[in-house]
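Heads up: the structure comes next, in structure tokens.
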Amino acid sequence: MEKGYRIFIEKNAIKQLRKINKNQQLLIYGFIKKNLEGTSAPRMFGKALKGNLGDYWRYRVGNYRLIAEINDEEIIIIIIGIGHRRDIYK
């Protein structure tokens with residue numbers, strides 16, 4: 002049986018998440034738990050970024066975005082940024 006992807010949230014992303022209001026935090030945690038944690042197809046829920054962020058994937062949760070690196074060798078999704086859509090790419 003194939004093991005699903007694990008989730009790792011970097012320290013900086015946790016700081017960003019704490020600045021978001023509680024309701025949005027719960028939506029983001031729910032999205033991670035439901036769609037990413039343990040999945041075998043993490044790319045199904047996201048979109049590949051382009052340009053200088055080309056190695057990363059973006060996940061939409063309302064007006065917020067999760068920026069993540071998907072490591073297939075270690076079967077892990079590393080969330081490196083969480084923020085409002087107007088600010089996250091800056």
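In this note's numbering, the protein residues as written are 2 to 91.
We treat Cβ as the ideally placed atom computed from N, Cα and C, and that holds for glycine.
Please read all numbers here as calculations on a predicted model, not as lab measurements.
Cut-off 7 angstroms between Cβ atoms - residues of its own chain near residue i, not counting five sequence neighbours on either side
i     : result
Met-2 : Low local confidence applies: a pLDDT of 43 at Met-2 is under 50, so the model's placement there is unreliable, and no value is given.
Unbroken alpha helix (DSSP H) run spanning residue i, endpoints
i      : result
Leu-50 : No alpha helix (DSSP H) holds Leu-50; DSSP gives it neither H nor E.
Arg-86 : Element bounds for Arg-86: n/a, residue is neither H nor E.
Leu-28 : 23-32
Close-in-space but distant-in-sequence residues of the same chain around residue i (CB under 6 angstroms, 5 per side omitted)
i      : result
Asn-36 : Phe-46
Leu-67 : Tyr-60, Ile-80 and Ile-83
Boundaries (first-last residue) of the beta strand (DSSP E) holding residue i
i      : result
Arg-59 : 58-62
Burial state of residue i, where buried means 16 or more other Cβ atoms lie within 10 Å
i      : result
Arg-87 : exposed
Gly-55 : exposed
Ile-78 : buried
Pair within 7 angstroms by beta-carbon distance, residue i and residue j
i      : j      : result
Gly-63 : Ser-41 : no
Whole-angstrom C-beta distance between residue j and residue i, which should lie under 8 angstroms
i      : j     : result
Ile-76 : Arg-7 : 7 angstroms
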